[in-house]
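Heads up: the structure comes next, in structure tokens.
Number of protein chains: 10
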Amino acid sequence: MTQELTKEDVTALILSAKKQAGLTWEGIAAQIGMSPVWTHSAAMGMNAFPPEKAELMVRALGLPQEAAAVLSESPTKIWSQTVPTDPCIYRLYEIVGVYGPTIKALIHEKFGDGIMSAIDFDMSVTRVEHPKGDRVKIEMSGKYLGYNAW
Amino acid sequence: MTQELTKEDVTALILSAKKQAGLTWEGIAAQIGMSPVWTHSAAMGMNAFPPEKAELMVRALGLPQEAAAVLSESPTKIWSQTVPTDPCIYRLYEIVGVYGPTIKALIHEKFGDGIMSAIDFDMSVTRVEHPKGDRVKIEMSGKYLGYNAW
Amino acid sequence: MTQELTKEDVTALILSAKKQAGLTWEGIAAQIGMSPVWTHSAAMGMNAFPPEKAELMVRALGLPQEAAAVLSESPTKIWSQTVPTDPCIYRLYEIVGVYGPTIKALIHEKFGDGIMSAIDFDMSVTRVEHPKGDRVKIEMSGKYLGYNAW
Amino acid sequence: MTQELTKEDVTALILSAKKQAGLTWEGIAAQIGMSPVWTHSAAMGMNAFPPEKAELMVRALGLPQEAAAVLSESPTKIWSQTVPTDPCIYRLYEIVGVYGPTIKALIHEKFGDGIMSAIDFDMSVTRVEHPKGDRVKIEMSGKYLGYNAW
Amino acid sequence: MTQELTKEDVTALILSAKKQAGLTWEGIAAQIGMSPVWTHSAAMGMNAFPPEKAELMVRALGLPQEAAAVLSESPTKIWSQTVPTDPCIYRLYEIVGVYGPTIKALIHEKFGDGIMSAIDFDMSVTRVEHPKGDRVKIEMSGKYLGYNAW
Amino acid sequence: MTQELTKEDVTALILSAKKQAGLTWEGIAAQIGMSPVWTHSAAMGMNAFPPEKAELMVRALGLPQEAAAVLSESPTKIWSQTVPTDPCIYRLYEIVGVYGPTIKALIHEKFGDGIMSAIDFDMSVTRVEHPKGDRVKIEMSGKYLGYNAW
Amino acid sequence: MTQELTKEDVTALILSAKKQAGLTWEGIAAQIGMSPVWTHSAAMGMNAFPPEKAELMVRALGLPQEAAAVLSESPTKIWSQTVPTDPCIYRLYEIVGVYGPTIKALIHEKFGDGIMSAIDFDMSVTRVEHPKGDRVKIEMSGKYLGYNAW
Amino acid sequence: MTQELTKEDVTALILSAKKQAGLTWEGIAAQIGMSPVWTHSAAMGMNAFPPEKAELMVRALGLPQEAAAVLSESPTKIWSQTVPTDPCIYRLYEIVGVYGPTIKALIHEKFGDGIMSAIDFDMSVTRVEHPKGDRVKIEMSGKYLGYNAW
Amino acid sequence: MTQELTKEDVTALILSAKKQAGLTWEGIAAQIGMSPVWTHSAAMGMNAFPPEKAELMVRALGLPQEAAAVLSESPTKIWSQTVPTDPCIYRLYEIVGVYGPTIKALIHEKFGDGIMSAIDFDMSVTRVEHPKGDRVKIEMSGKYLGYNAW
Amino acid sequence: MTQELTKEDVTALILSAKKQAGLTWEGIAAQIGMSPVWTHSAAMGMNAFPPEKAELMVRALGLPQEAAAVLSESPTKIWSQTVPTDPCIYRLYEIVGVYGPTIKALIHEKFGDGIMSAIDFDMSVTRVEHPKGDRVKIEMSGKYLGYNAW
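Protein chains in written order, with full-length UniProt numbering: chain A, 1 to 150; chain B, 1 to 150; chain C, 1 to 150; chain D, 1 to 150; chain E, 1 to 150; chain F, 1 to 150; chain G, 1 to 150; chain H, 1 to 150; chain I, 1 to 150; chain J, 1 to 150.
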């Protein structure tokens, strides 16, 4: 029936254009003036591009103009594996399983009864040189939200 | 039958002693010369204390001497909720669901085909002041492990 | 081993005292100056009492003094039924299943790409008279949180 | 084989027409004289349009005439994620997990042994201005149904 | 801690008294003037006894007086097996799986878009003689509830 | 590869023909001399038509002749939702959850140790007028099967 | 509270008496005049003993007299592992997974549209000598039940 | 891309040819000199045909020559329903649930600590006449495998 | 009721005796003349001790004499985590997920259509020195079992 | 939309080319100078080919040149069956269930608190002749990783 571009289509177009142009996520992120983590997740359809950033993506990767509106739509965030199987992602799940109660306890100790927001949130992934083997550094920052009592 | 101390018993003793002495995890960690994240997770039975650190814990919290050996045993790390329900921990699970593929893509871009170790790993949780509301900062660092090809 | 009061113990004490004193949640809530929804959920161990409210609970229900500290601890919110079976609670789950995507679409239309907070949140349950049968009215209010782009 | 319009087809046609005409759910709802919540959910195939409302939808959005009959069919309400992953919808699931037993207890206190109907039911979503950040207000109203004893 | 009677305790008392007195559910139901289906389900803690029926139960089975209040409490209806394993109960689950969509289609044909209430509901189980083997007859009756459109 | 009619194809043909001819399940059932419940479930592919009834279906609905053989094949009865989400079907699941143990207890009381067959089984759905709102009546009848002891 | 014998208690008593008397299931079965398969499953609480067989069990194993009534109660058949983990039992599950559709096809070919009853059912397990290693032989026999069409 | 025959394709070709030629599984099995159970399961892709049997299948059913190689490939045995819903197959699952521990106990009694192989295994399904209704007889035979101790 | 030693009791006794005597699994295995893998798994209740090995265990660890018979009973092998959470065990599950189809393909290539037995099976775990960090070596050996065709 | 080769496409091309050329995994592995286990798993898309090995694969199997880049991409490792059903793979899952805690205990005894890496890992599958039937030998070797304490 209707043949409009979906978020999945635009993600495929981005991946294809990135490959043919030999770009990196870091490079694309720099071109649109955003961070690599956010840029990749939005390109995967897990975040919505503000309109001007969507335009920059279209230009940077030579996407069809109608892709801009699609990139700006609020996505429905869906993941199909309750427990991820890919080892790289599973290790993150394992960290939540092992250290989740610890993070919770320390947030309570440092802030009070509340949580770290996953919405007012940002993150970076960097490579840190180390004599015994380089290390992956993940930094997360989320606004503290205290529980309401009413 | 046998009535020896289990890891669960020692965790209960620690929580009770901490409460009565009015201690914080940060304070206990300082007393034994370890980080608060590791100290809490080991106290919960999710990590094993090196023998000398176990001794320090026993002294710092006035635990029975036999607790030291229990603290040093290698734990079996078990969590019972495949998807955690507590909002503070669920947000971390959500971050893995939303950003897991992104972290994976950036590790591949920066390092090659491999993962961040969850074993040769450390983490901190800190409070960062911010005019629009203070923020929780979580920093994770794990050794990059490249897949073997043989 | 240690025989301290747990959150479950205090919930049981509250239910028992409430029954013997012939109190209602509405009445208890009025005595401590909080809403009935919050008061019940905190009494069930799903929210933490601010210290002064914990003191009021202890006095209102004649609980042992040590219960106050327990009521003030940050709870770990756990529910064991992924899909609730009790018909009264299931209907709420059903409403989320049927109308969840609709609520999401209208939040996006009225606010932008974001969510309703379940932390900076309050709720009331009231009875509304109606000629064809009285109605249950549930009002929820949560702060709008817009997704961060960084 | 047979090539008739399905509910999914009509939903796609509606979304496409809405986008091209630059309409809002609020606007469409006003045109057919129904509420935005109900209109969106029926457009998604989660409720059946009364025949005259189906005709109004066809006219308002320029749908093919045969869509009217499809819009009037009783839908089979299916959702595939037992626990929703989208953060905006998950927060509602979380509210049911945390406050479900509380809503149940207050219904019992105010009405007796029964439930809030999810069938004889209506809901609204509104934006409420607030100095510390605007709030999402969700109001649900369902007929009280008392359990039968026979 | 507190040692009050729970619904489970009262169910156990009922089963024990019924066995010692050599009663049947049909007999108990007759004594309290209710149907056997409802009486059994309420005795199992799946329905609440109106106060006067609770008194009759206490008298009919010689239960402790405090059991009456427990029998009148609104139960939380919980079943732990998502798919029941007992063959007698599984067959009912199978009937829902095989004939559920058929019952739905016929309700829509005969009534419109709505459901059979499971709250304003009653049921009977009877034995019907038959030359090829007696038959179990289950009769359910629930109020038709039409979906609201608003 | 092979392009033969499947059970799903024939169900689609039946639904399409029924719609175009403006028939009801009750009407189709009368034409082939079977009950509405059985007719619908067999048309959905959940029961096999005896050859002569298959011929009647083909004639009544103007199906292609080859559909008759397909209608007569023994189906594999599959349902994909362990817990059905449609409210009309869920209520039946709920009834099994709440009253399953009660039905079992009364079968044991009236017959002995055995079950109600779901194979040598029939069912009807009827509309019963009622001053407070019409009611759905479901009548099930299954042969009692006593457990074998050998 | 009440301290009556449960089915689990009687199973434990049987296992203990069997061990101390050095009996086999074959031997016990012979003493009560039933097959070993049925005897074991009834002793495990998966089948009900006819009263006279219950008496024989009590005598054969020196059980307390009140055990007879418990042995005669209709059990609720519950297994907790949806997929059994014990290799000996898993192999049977695997056989159902691999050969279930085949058994179904051959029943349809030999009998028509129906099933093998698991209620009017019996089974034996025997040892068959074989030069390449003795074999386990399992023979099941269940009444054919044809689907009803009405 | 590549358009080679898959196991699923060949199964479809077999079912189609069998239908058009009016064959039975018993008949096909006789033609290739194998048992009906094995023949059906191999035709469904649950077992691999020895090359000469594959040739006989191709000839018996007039399959394309390239089907022979496909029939001889080792299949990956997959079933998608953890708990089968078709009543005919579910009854077998139920038998494993109810009698699995019994079969295990009798194997241990007759052979020692081990299992019945599901690999060195054969099975038959036959119809047994019976005055009260014919019976399905399933005979399984698997090599006893004793656990290794090393 | 009966107070006999269970497999769990004996496992606890072994662990306690091993700790107090400062033994290793390697040491205990050497004392009873079995391998460390088998000895540990049998001590955990996952394998049955031949009677003479059970006697040696009793002597080596100073267990009560009645423990010998318990150690010789055929265990029911149960694990409760479908997906293990402990990182050390999860990695093994991951290896099966990633390399399972590969092991299957190579077994088919080297042997034919069949499997590696997990019953006629043995395994060792050894430490292998390596300049870049010592390695864990796991060697498994199981009898090849070819599928029967009949 | 875009029509580029995916990992699944290349796997299909490899399987087809291997079949037509009559190659074995052992043979292909020898041609590219890698082990059969690694070669098969990488060909299945479970590991990434180093660029020069990808080129060798393309040449050895006559794949289109663009396949080389695809073979070198980091795969997302996904398996869809939490518990594998194929008997050959299930036996490996069973071994992890039965012996996982034993492998863990022996690693702790021989190395300390840590795990065997599944990333810095290699494996072989070989056929070992044996008078009572040849055996499958699986050898795994992974770097020992000790838990960090910080």
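Glycine included, C-beta positions come from ideal geometry on N, C-alpha and C.
To the nearest angstrom, how far is the alpha carbon of residue i from that of residue j?
| i | j | result |
| --- | --- | --- |
| residue 74 of chain J | residue 108 of chain B | 7 Å |
| residue 143 of chain H | residue 97 of chain I | 29 Å |
| residue 60 of chain G | residue 124 of chain G | 22 Å |
| residue 43 of chain G | residue 136 of chain E | 28 Å |
| residue 38 of chain B | residue 87 of chain I | 17 Å |
| residue 118 of chain G | residue 89 of chain E | 14 Å |
| residue 79 of chain B | residue 6 of chain B | 17 Å |
| residue 10 of chain F | residue 12 of chain G | 55 Å |
| residue 155 of chain H | residue 138 of chain I | Examination of residue 155 of chain H is not possible in this model, given that chain H is present from 1 through 150 alone. |
| residue 92 of chain H | residue 77 of chain D | 32 Å |
| residue 49 of chain I | residue 68 of chain I | 8 Å |
| residue 2 of chain B | residue 126 of chain B | Low local confidence applies: a pLDDT of 48 at residue 2 of chain B is under 50, so the model's placement there is unreliable, and no value is given. |
| residue 65 of chain F | residue 121 of chain D | 47 Å |
| residue 35 of chain I | residue 148 of chain H | 12 Å |
Using 7 Å as the limit for Cβ to Cβ distance, is residue i near chain I?
| i | result |
| --- | --- |
| residue 6 of chain G | no |
Quick check on residue i - is its C-beta less than 7 Å from some C-beta in chain H?
| i | result |
| --- | --- |
| residue 85 of chain E | yes |
| residue 136 of chain G | yes |
For residue i, count neighbouring C-beta atoms within 10 Å of its own C-beta (all shown protein chains included) and say buried if the count is 16 or more, exposed if not.
| i | result |
| --- | --- |
| residue 130 of chain C | exposed |
| residue 100 of chain G | buried |
| residue 94 of chain J | buried |
| residue 133 of chain J | exposed |
| residue 150 of chain F | exposed |
| residue 58 of chain G | buried |
| residue 24 of chain D | exposed |
| residue 33 of chain F | exposed |
| residue 146 of chain J | exposed |
| residue 22 of chain B | exposed |
| residue 45 of chain H | buried |
With a cut-off of 7 Å, does the C-beta of residue i fall near any C-beta of chain J?
| i | result |
| --- | --- |
| residue 79 of chain H | yes |
| residue 76 of chain H | yes |
| residue 107 of chain I | yes |
Among the options, whose alpha-carbon lies nearest the alpha-carbon of residue i?
| i | options | result |
| --- | --- | --- |
| residue 29 of chain E | E/140, E/56, E/85 | E/56 |
| residue 70 of chain G | E/127, E/20, E/26, E/67 | E/20 |
| residue 156 of chain J | A/4, A/16, A/8 | Residue 156 of chain J falls outside the range modelled here, since chain J spans only 1 to 150, and no answer is possible. |
Could you tell me whether the Cβ of residue i comes closer than 7 Å to any Cβ of chain K?
| i | result |
| --- | --- |
| residue 100 of chain F | This model lacks chain K altogether; the protein chains it does include are A, B, C, D, E, F, G, H, I and J. |
Using a Cβ-Cβ distance under 7 Å, would residue i count as near chain B?
| i | result |
| --- | --- |
| residue 133 of chain D | no |
Could you tell me whether the Cβ of residue i comes closer than 7 Å to any Cβ of chain C?
| i | result |
| --- | --- |
| residue 97 of chain F | yes |
Counting contacts by CB-CB distance shorter than 7 Å, is residue i in contact with chain F?
| i | result |
| --- | --- |
| residue 119 of chain G | yes |
At a Cβ cut of 8 Å, what residues of the segment 18 to 43 of chain B count as close to chain I, listed as they run along the chain?
none
Name the residues in the segment 59 to 74 of chain F whose C-beta lies less than 7 Å from a C-beta of chain E; which are they?
none
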